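Peer 1: Residue 588 is where the sequence shown starts when you use my numbering, and the numbers rise one by one after that.
Even for Gly, the Cβ is constructed at its ideal location relative to N, Cα and C.
Treat the numbers as computed from the prediction; the structure is a model and nothing was measured.
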Amino acid sequence: MQAINGDIYGTTLFGGANNSRYGTVFKITTVGTLITLHTFENTDGANPEAGLVQAIDGDFYGTTVSGGSSDGGTVFKITAGGSLTTLHSFCAKARCADGSNPWGPLVQATDGNFYGTTAGGGGTCDKGATPCGTVFQIRSDGMLTTLHTFDGTDGAYPLSGLVQDSNGNLYGTTNSGGDLSCDISGDGCGTVFRLTMGLGPFVETRPTSGKVGAVVIILGTNLTGASSVRFDGTAAKFKVVSKSEITTTVPTGATTGTVEVKTPKKTLKSNVVFRVTK
């Protein structure tokens with residue numbers, strides 16, 4: 588993912604310093620200069636399958652599928668300078684309530700908290716001792732709450748992360764579960780699910796960065812009747828294309844910050860910072 592500073596940040600599943608097999612977090616500039624920010628040592632996490640998300644506080648957050656204090660994977664925070672903090676270590680046992688082995692990335696929702704999934708743990712499926720996975724919320728201070736435990740009938744083994752729709756709800760998929768009769772193995776063919784947390788609506792910009800004059804598409808819910816669009820406080824000309832889309836351009840004088848759309852009912856803010864480039 589491209590950070591606010593313009594550099595690209597990501598993870599590797601394996602490799603790292605000292606012949607590590609546990610993976611890394613890296614930064615690479617747009618001209619190709621690569622810096623390894625952190626090599627995992629298993630005790631602080633191992634083998635990150637997913638990428639990173641840059642939070643409102645500027646730090647990066649991610650998951651590892653294994654490692655940590657119980658070898659069930661971790662949620663971690665890392666600064667742009669490479670200082671890593673393990674926020675939570677998942678339990679490796681099948682019946683652990685907090686889940687285990689998060690394969691997918693995190694998403695920071697409009698309440699400032701992070702949401703994700705674990706492929707295992709969380710109790711058992713309806714078919715026996717097999718763990719089905721969970722959906723969880725974690726705060727930036729590491730406090731984790733299990734929001735849902737899959738039981739097989741509503742899905743099992745979510746391998747991807749979540750997305751937040753502009754209406755505030757969270758959506759995701761499971762690798763199996765659901766209709767258990769749909770395949771010969773009896774494990775189910777997977778589900779698409781929605782999780783409602785009472786989070787407020789927002790707008791999303793496509794892309795999330797651009798120069799003055801660049802065309803930007805704003806996506807949202809109930810945008811009809813919008814009366815203003817502002818880039819970090821600077822007014823922009825715009826056109827309401829539909830109830831879910833506005834087209835605009837980055838105005839002269841705009842600076843990096845949130846994009847706001849004023850509608851008849853409320854003012855909606857972008858879920859991520861829009862970065863104004865030169």
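Measure the C-alpha to C-alpha separation of P718 and D646 and round it to an integer number of angstroms.
Peer 2: Cα-Cα distance, rounded: 32 Å.
Peer 1: Kindly indicate which residue of A813, S857 and D728 has the alpha-carbon position closest to the one of K849.
Peer 2: A813
Peer 1: Quick check: the Cα distance between L746 and G773, rounded to an integer number of angstroms?
Peer 2: 19 Å
Peer 1: For a test of the three-state rule: what should DSSP assign to A822, helix, strand or coil?
Peer 2: strand
Peer 1: Which one of A604, T732 and L693 has the shortest CA to CA distance from E636?
Peer 2: Among A604, T732 and L693, the Cα nearest to that of E636 belongs to L693.
Peer 1: Answer yes if the segment 775–789 comes into contact with the segment 821–832, meaning at least three C-beta pairs across the two stretches below 8 Å, and no otherwise.
Peer 2: no
Peer 1: Taking the alpha carbon of A807 as the reference point, which residue from E832, V722 and T821 has its own alpha carbon closest?
Peer 2: Before going on, a small fix: residue 807 reads as Gly here, not Ala. Of the listed residues, the one whose Cα sits closest to G807 is E832.
Peer 1: Suppose the cutoff is 6 Å on Cβ atoms and the five residues either side in sequence are ignored; what does the same chain contact list for S657 look like?
Peer 2: S676, C678 and A679
Peer 1: Check whether the Cβ atoms of L782 and V859 sit closer than 7 Å, and answer yes or no.
Peer 2: With respect to the 7 Å criterion, L782 and V859 are not classified as neighbours on the basis of their beta carbons.
Peer 1: With a cut-off of 8 Å on the beta carbons, I'd call N629 and G654 a contact; round off their distance for me.
Peer 2: 5 Å
Peer 1: When the Cα atoms are used, what is the spatial distance from T821 to G710?
Peer 2: Those two C-alpha atoms are separated by around 50 Å.
Peer 1: So, at 7 Å on beta carbons, what are the nonlocal neighbours of G686 in its own chain, with the 5 sequence-adjacent residues on each side left out?
Peer 2: F677, T705, G707, G708, G709, G720, T721, F723 and T733
Peer 1: Hey, out of T617, T651, N688 and A684, whose CA is closest to T672's CA?
Peer 2: T651
Peer 1: With a 10 Å radius around its C-beta and 16 neighbouring C-beta atoms as the bar for buried, classify T616 as buried or exposed.
Peer 2: By the C-beta density criterion, T616 is exposed, having fewer than 16 other C-beta atoms within 10 angstroms.
Peer 1: What is the C-beta distance between F861 and T795, in whole angstroms, given that I count them as a contact (C-beta under 8 Å)?
Peer 2: 6 Å
Peer 1: How long is the line joining the alpha carbons of N688 and Y744, rounded to whole angstroms?
Peer 2: Taking the straight line from one Cα to the other gives about 10 Å.
Peer 1: Return helix, strand or coil for N629, following the three-state DSSP convention.
Peer 2: strand
Peer 1: Taking the alpha-carbon of T666 as reference, which of G610, T623, L749 and G765 has the nearest alpha-carbon?
Peer 2: T623
Peer 1: Can you give the beta carbon distance from G797 to T864, rounded, assuming they're within the 8 Å contact cut?
Peer 2: 6 Å
Peer 1: Let me check understanding here. Comparing Cα to Cα, which of L621, G603, M588 and T598 lies closest to Q641?
Peer 2: M588
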